[in-house]
Amino acid sequence: MGLKTPLYSKHVEAGARIVDFGGWDMPLHYGSQVEEHHAVRKHAGAFDVSHMTVVDLQGEKTTDFLRYVLANDVAKLKDAGKALYTCMLNADGGVVDDLIVYFLESARYRLVVNAATREKDVAWLTEQAEPFSVDVTERSELAMIAVQGPSARELAAAVIPSECRDTALGLRPFYGLEAGEWLVARTGYTGEDGWEIVMPADDAESAWQALLDAGVAPCGLGARDTLRLEAGMNLYGTDMDGTTSPLESGLGWTIAWEPENRDFIGRDALSQERGKKGRQKFTGLLLEDRGVLRNHQRVVVDGIGDGEITSGGFSPTMQRSIALARLPAGNYAGAVVEVRGKLLAVRVLQPPFVRNGKTCIDL
Amino acid sequence: MSELPGDLRFTNEHEWLRQEADGSVTIGITDHAQTALGDLVYVELPEVGQDLEAGGEMAVVESVKAASDVYAPVAGSVLAVNDNLADDPEKINADPYGDGWIIRLQPEGGMDEGETMDPDTYQALLDELEA
Numbered sequence: 000m001g002l003k004t005p006l007y008s009k010h011v012e013a014g015a016r017i018v019d020f021g022g023w024d025m026p027l028h029y030g031s032q033v034e035e036h037h038a039v040r041k042h043a044g045a046f047d048v049s050h051m052t053v054v055d056l057q058g059e060k061t062t063d064f065l066r067y068v069l070a071n072d073v074a075k076l077k078d079a080g081k082a083l084y085t086c087m088l089n090a091d092g093g094v095v096d097d098l099i100v101y102f103l104e105s106a107r108y109r110l111v112v113n114a115a116t117r118e119k120d121v122a123w124l125t126e127q128a129e130p131f132s133v134d135v136t137e138r139s140e141l142a143m144i145a146v147q148g149p150s151a152r153e154l155a156a157a158v159i160p161s162e163c164r165d166t167a168l169g170l171r172p173f174y175g176l177e178a179g180e181w182l183v184a185r186t187g188y189t190g191e192d193g194w195e196i197v198m199p200a201d202d203a204e205s206a207w208q209a210l211l212d213a214g215v216a217p218c219g220l221g222a223r224d225t226l227r228l229e230a231g232m233n234l235y236g237t238d239m240d241g242t243t244s245p246l247e248s249g250l251g252w253t254i255a256w257e258p259e260n261r262d263f264i265g266r267d268a269l270s271q272e273r274g275k276k277g278r279q280k281f282t283g284l285l286l287e288d289r290g291v292l293r294n295h296q297r298v299v300v301d302g303i304g305d306g307e308i309t310s311g312g313f314s315p316t317m318q319r320s321i322a323l324a325r326l327p328a329g330n331y332a333g334a335v336v337e338v339r340g341k342l343l344a345v346r347v348l349q350p351p352f353v354r355n356g357k358t359c360i361d362l
Numbered sequence: 000m001s002e003l004p005g006d007l008r009f010t011n012e013h014e015w016l017r018q019e020a021d022g023s024v025t026i027g028i029t030d031h032a033q034t035a036l037g038d039l040v041y042v043e044l045p046e047v048g049q050d051l052e053a054g055g056e057m058a059v060v061e062s063v064k065a066a067s068d069v070y071a072p073v074a075g076s077v078l079a080v081n082d083n084l085a086d087d088p089e090k091i092n093a094d095p096y097g098d099g100w101i102i103r104l105q106p107e108g109g110m111d112e113g114e115t116m117d118p119d120t121y122q123a124l125l126d127e128l129e130a
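Here the protein sequences come in this chain order: A and B.
Once you know that position 261 of the first sequence is 260 in numbering that gives the first Met the number 0, the rest is easy, because the numbers rise by one and skip nothing.
Once you know that position 75 of the second sequence is 74 in numbering that gives the first Met the number 0, the rest is easy, because the numbers rise by one and skip nothing.
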């Protein structure tokens with residue numbers, strides 16, 4: 000008996016297989032997670048992501064606060080509605096969470112953080128915000144639906160408040176707009192175009208039904224995971240956590256080192272790590288033969304050493320097994336993975352594997 | 000798919016067996032098993048001619064989420080394997096009692112009635128599981 004989103008009964012009604020996710024009863028799939036995956040890459044799929052945590056921040060010093068508590072720099076967000084992806088670090092440089100932060104208007108920002116880290120993150124933000132006198136408000140009365148795929152925005156436009164439709168369709172990637180209590184943002188976790196839409200919980204059921212009536216496929220956590228893995232997107236708690244730094248998690252690109260005088264939590268630890276040679280690297284793996292790579296399988300790099308798969312799985316788009324892995328430093332194109340007692344060959348390569356409906360690696 | 004085919008026998012491990020006219024036995028996994036596994040993406044089959052022990056590993060079925068061993072319900076030698084499963088493992092999801100058959104074997108002894116159960120008994124087992 001876990002927590003339930005406002006859309007829970009819609010999922011049960013649709014015959015979803017319900018599983019626990021971070022204390023929430025969520026749909027794993029509605030019949031076939033592979034079909035749902037294909038629907039997103041080819042057309043449009045809707046995900047109930049209301050279990051994720053929306054935190055609104057307000058106050059004169061909010062910008063200063065966020066420039067201190069986030070590894071990426073919100074000073075880059077000069078236009079209203081602009082957003083960025085960032086890690087939030089602890090003093091050791093480990094990742095507390097990854098999140099998207101939206102600059103809504105002067106002195107007001109919104110963070111969307113993970114579901115399983117809700118309590119930890121809200122406590123962390125509240126504690127760190129105190130000296131800046133920033134109001135930290137968890138918006139648990141809001142629901143969120145992600146609509147993703149080549150037809151997603153077009154179909155979802157009919158479901159958002161009519162007065163913001165045209166403007167919403169004009170949103171550039173990583174921009175959002177507010178319309179009353181709604182927020183429409185051109186962001187996502189699938190590697191396809193689309194929106195993530197925040198709305199009052201009371202509006203969620205009718206919005207969800209309208210999407211389904213318009214031909215958008217309901218999609219569960221199973222498809223969400225295969226889509227993000229193909230897109231090379233990290234999953235907190237699996238690919239990184241409080242004991243791993245962004246530099247060893249493929250997230251170095253999210254750190255804003257400039258300006259040099261911006262102090263942020265974890266900066267010192269990261270700077271020291273950055274200078275070290277022989278740091279572990281984070282890459283993608285493609286299984287050369289048939290089979291399935293799994294989390295925590297051992298990776299052996301000939302003549303160099305061992306690593307480990309963080310996220311292993313199957314790519315329905317490529318019909319091949321793929322993984323993300325933390326491996327020893329070095330320049331090499333191949334390795335072997337211990338799969339159920341056998342050593343299988345993998346290609347070591349940079350993700351993403353699939354974006355915008357297309358495979359972006361050589362198969 | 001709630002009807003259990005009447006001509007099959009079943010095991011506690013959610014496998015089905017069908018006695019063929021020539022004495023061979025076709026084996027697969029049940030609808031309950033394929034539902035629990037989810038979309039299958041890879042099936043590892045034994046070699047034709049391989050000898051299997053009762054309770055020994057017969058095949059491995061892998062879904063996106065997990066790998067699952069399928070054990071031989073009876074001892075015997077493998078006469079045929081369903082090669083279609085290499086390219087279309089989802090046949091097991093779509094038609095577990097038909098196109099999704101996994102192997103056919105020549106049983107060592109007869110098909111030991113005591114080790115397997117009839118459809119009604121298996122259904123009762125399922126009802127208890129779902130209770």
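Virtual Cβ for every residue (Gly too), placed ideally from N, Cα, C.
Q) Taking Cβ-Cβ distances shorter than 7 Å, what residues in chain A pair up with glutamate 61 of chain B? A) Position 62 of the second sequence, counted from the first residue, corresponds to residue 61 of chain B. Simply Val291.
**Q.** Where the beta strand (DSSP E) containing threonine 136 of chain A begins and where it ends
**A.** Position 137 of the first sequence, counting from 1, holds the residue named residue 136 of chain A. Where threonine 136 of chain A is concerned, the enclosing beta strand (DSSP E) stretches over 134 to 137.
Q: Keeping to the same chain, check which residues put their C-beta closer than 7 Å to that of alanine 328 of chain A; ignore five residues upstream and five downstream.
A: Your numbering for residue 328 of chain A matches position 329 in the first sequence. For alanine 328 of chain A, where only same-chain residues beyond five positions count, the Cβ hits under 7 Å are Gly277, Arg278, Gln279 and Lys280.
Q.
Please state whether the Cβ-Cβ distance between valine 299 of chain A and glutamate 272 of chain A is less than 9 Å.
A. Taking the first residue of the first sequence as position 1, residue 299 of chain A is located at position 300. Taking the first residue of the first sequence as position 1, residue 272 of chain A is located at position 273. No. Outside cutoff.
Q) Just reading off the alpha helix (DSSP H) that isoleucine 91 of chain B is part of, what are its end residues? A) Numbered from its first residue, the second sequence carries residue 91 of chain B at position 92. First-last of the alpha helix (DSSP H) with isoleucine 91 of chain B: 90 to 93.
Q | Listed by chain order, chain B residues near glutamine 296 of chain A by CB distance under 9 Å | A | Locating residue 296 of chain A in the first sequence gives position 297, where the first residue counts as 1. Taking the beta carbon of glutamine 296 of chain A as reference, no residue of chain B falls within 9 Å; the closest one sits roughly 11 Å away.
Q: Would you mind reading off the limits of the beta strand (DSSP E) that contains lysine 402 of chain A?
A: Absent from the model: residue 402 of chain A. The displayed extent of chain A is 0 to 362, so no value can be given.
Q: Closer than 6 Å by C-beta to aspartate 55 of chain A: which residues in its own chain qualify, once you throw out the five before and the five after it? Chain order, please.
A: Along the first sequence, read from residue 1 onward, the residue named residue 55 of chain A stands at position 56. So the list reads Arg109, Thr136 and Arg138, once near-sequence residues are dropped.
Q: Compare the C-beta of tyrosine 96 of chain B against all C-beta atoms of chain A and say whether one is closer than 9 Å.
A: Against the second sequence, residue 96 of chain B aligns to sequence position 97. No, its Cβ sits nowhere closer than 9 Å to a Cβ of chain A.
Q | Alpha-carbon to alpha-carbon, valine 24 of chain B and lysine 357 of chain A | A | The residue labelled residue 357 of chain A in the question sits at position 358 within the first sequence. The residue labelled residue 24 of chain B in the question sits at position 25 within the second sequence. Their backbone Cα atoms lie some 44 Å apart in a straight line.
Q | First and last residue of the uninterrupted alpha helix (DSSP H) at glutamate 204 of chain A | A | Locating residue 204 of chain A in the first sequence gives position 205, counting from the first residue. Looking at the DSSP string, the run of the alpha helix (DSSP H) that includes glutamate 204 of chain A is 200 to 212.
Q. How many Å lie between glutamate 104 of chain A and glycine 214 of chain A at the Cα?
A. By one-based count along the first sequence, residue 104 of chain A stands at place 105. By one-based count along the first sequence, residue 214 of chain A stands at place 215. Each residue's Cα considered, the two are about 35 Å apart.
Q: Classify glycine 62 of chain A as helix, strand or coil using the three-state DSSP reduction.
A: As a first step, residue 62 of chain A is located in the first sequence; it is residue number 63 there, counting from the start. Going by the sequence as given, residue 62 of chain A is threonine instead of glycine. Threonine 62 of chain A falls in the helix class under three-state DSSP.
Q) What do you get for methionine 0 of chain B, buried or exposed, if any count of 16 or more other CB atoms within 10 angstroms of its CB means buried? A) Residue mapping note: residue 0 of chain B aligns to position 1 of the second sequence, counting from 1. Residue placement at methionine 0 of chain B is poorly supported in this model, since its pLDDT is 46, which falls under 50; the coordinates still yield a value, given next. The residue is exposed, with fewer than 16 neighbouring Cβ atoms inside 10 Å.
Q.
Looking at valine 197 of chain A: is its Cβ nearer than 9 Å to the Cβ of leucine 220 of chain A?
A. Against the first sequence, residue 197 of chain A aligns to sequence position 198. Against the first sequence, residue 220 of chain A aligns to sequence position 221. It is not a contact, given that the beta carbons lie outside the stated cut-off.
Q. How many angstroms separate the CA atom of valine 60 of chain B from the CA atom of alanine 35 of chain B?
A. Along the second sequence, read from residue 1 onward, the residue named residue 60 of chain B stands at position 61. Along the second sequence, read from residue 1 onward, the residue named residue 35 of chain B stands at position 36. For valine 60 of chain B and alanine 35 of chain B, the distance between alpha carbons rounds to 12 Å.
Q: Kindly say whether threonine 125 of chain A, judged by its beta-carbon, lies nearer than 9 Å to any beta-carbon of chain B.
A: As a first step, residue 125 of chain A is located in the first sequence; it is residue number 126 there, counting from the start. False, the Cβ-Cβ gap to chain B never drops below 9 Å.
Q.
With the cut-off set at 9 Å, would you say alanine 230 of chain A and proline 315 of chain A are in Cβ contact?
A. By one-based count along the first sequence, residue 230 of chain A stands at place 231. By one-based count along the first sequence, residue 315 of chain A stands at place 316. Against a cut-off of 9 Å, the Cβ pair of proline 315 of chain A and alanine 230 of chain A comes out as no contact.
Q: Check each candidate in B:Leu104, B:Ser76 and B:Ala65 and name the one with the smallest Cα separation from leucine 16 of chain B.
A: The count along the second sequence starts at 1 and reaches residue 16 of chain B at position 17. Residue B:Leu104 is the option with its Cα nearest to leucine 16 of chain B.
**Q.** Paired residues, beta bridge with glutamine 105 of chain B - DSSP
**A.** Position 106 of the second sequence holds residue 105 of chain B. Answer by DSSP bridge pairing, in chain order: B:Ser76.
Q: For lysine 60 of chain A, collect the residues of the same chain with a Cβ closer than 7 Å to its Cβ; drop the 5 residues on either side in sequence, then sort them by chain order.
A: As a position in the first sequence, residue 60 of chain A is number 61, starting the count at 1. Excluding positions up to five away in sequence, the list reads Phe131, Ser132 and Val133.
Q | Nearest to leucine 375 of chain A (by Cα), restricted to the options A:Ile360, A:Leu98 and A:Arg354 | A | Since the first residue of chain A shown is 0 and the last is 362, residue 375 of chain A is not available in this structure.
Q: Could you check the C-alpha separation between serine 140 of chain B and tryptophan 100 of chain B for me, to the nearest Å?
A: Nothing about residue 140 of chain B can be read from this structure; chain B reaches only from 0 to 130.
Q. Name the DSSP bridge partner or partners of phenylalanine 313 of chain A?
A. Within the first sequence, numbered from 1, the residue matching residue 313 of chain A stands at position 314. Phenylalanine 313 of chain A is bridged to A:Ser320.
Q) Are there three or more Cβ pairs, one per stretch, closer than 8 Å when the stretch 73 to 82 of chain B is compared with the stretch 308 to 327 of chain A? A) no
Q | Between the CA atoms of leucine 343 of chain A and arginine 297 of chain A - distance to the nearest angstrom | A | In the first sequence, counting from the first residue as 1, residue 297 of chain A sits at position 298. In the first sequence, counting from the first residue as 1, residue 343 of chain A sits at position 344. When rounded, the distance between both Cα atoms is 11 Å.
Q: Determine the chain B residues that contact threonine 225 of chain A at a beta-carbon separation under 9 Å, and present them in chain order.
A: For this step, residue 225 of chain A is matched to residue 226 along the first sequence. Within 9 Å Cβ-Cβ: Val63.
**Q.** Whole-angstrom distance between valine 158 of chain A and leucine 210 of chain A, CA atom to CA atom
**A.** In the first sequence, residue 210 of chain A corresponds to position 211, counting from 1. In the first sequence, residue 158 of chain A corresponds to position 159, counting from 1. Cα to Cα, leucine 210 of chain A sits roughly 7 Å from valine 158 of chain A.
Q) Assuming cysteine 218 of chain A contacts glutamate 12 of chain A under a Cβ cut-off of 8 Å, what Cβ separation, rounded to an integer in Å, is found between them? A) Counting from 1 along the first sequence, the entry for residue 218 of chain A is found at position 219. Counting from 1 along the first sequence, the entry for residue 12 of chain A is found at position 13. About 16 Å separates the two Cβ atoms, so there is no contact after all.
Q: Mind listing the chain B neighbours of phenylalanine 313 of chain A? Cutoff is C-beta to C-beta under 7 Å, in chain order.
A: Residue mapping note: residue 313 of chain A aligns to position 314 of the first sequence, counting from 1. Chain B residues near phenylalanine 313 of chain A: Val40 and Val63.
Q: Report the three-state DSSP secondary structure of glycine 22 of chain B (helix, strand or coil).
A: Reading the second sequence from its first residue, position 23 is the one you call residue 22 of chain B. Looking at glycine 22 of chain B - three-state DSSP - the assignment turns out to be coil, as it is neither helix nor strand.
Q. Listed in chain order, which residues of the stretch 33 to 66 of chain A have Cβ atoms closer than 7 Å to some Cβ of chain B?
A. Val33
(Q) Can you check whether the C-beta of methionine 0 of chain B is within less than 9 Å of a C-beta belonging to chain A? (A) As a position in the second sequence, residue 0 of chain B is number 1, starting the count at 1. Bear in mind that the predicted position of methionine 0 of chain B carries a pLDDT of just 46, short of 50, making it unreliable; the figure below should be weighed with that in mind. Not closer than 9 Å to any Cβ of chain A, the Cβ of methionine 0 of chain B fails to qualify, so no.
Q: Could you check if arginine 261 of chain A is buried or exposed, using at least 16 other CB atoms within 10 Å of its CB as the buried criterion?
A: Counting from one through the first sequence, the residue named residue 261 of chain A turns up at place 262. Burial call: exposed.
Q | Unbroken alpha helix (DSSP H) run spanning arginine 152 of chain A, endpoints | A | Translated into the one-based positions of the first sequence, residue 152 of chain A becomes position 153. Taken as a continuous stretch (DSSP letters only), the alpha helix (DSSP H) holding arginine 152 of chain A covers 151 to 155.
Q. If we cut at 9 Å on Cβ distances, does serine 161 of chain A have a partner in chain B?
A. For the purposes of this step, residue 161 of chain A is taken as residue 162 along the first sequence, with counting starting at 1. No, no contact with chain B.
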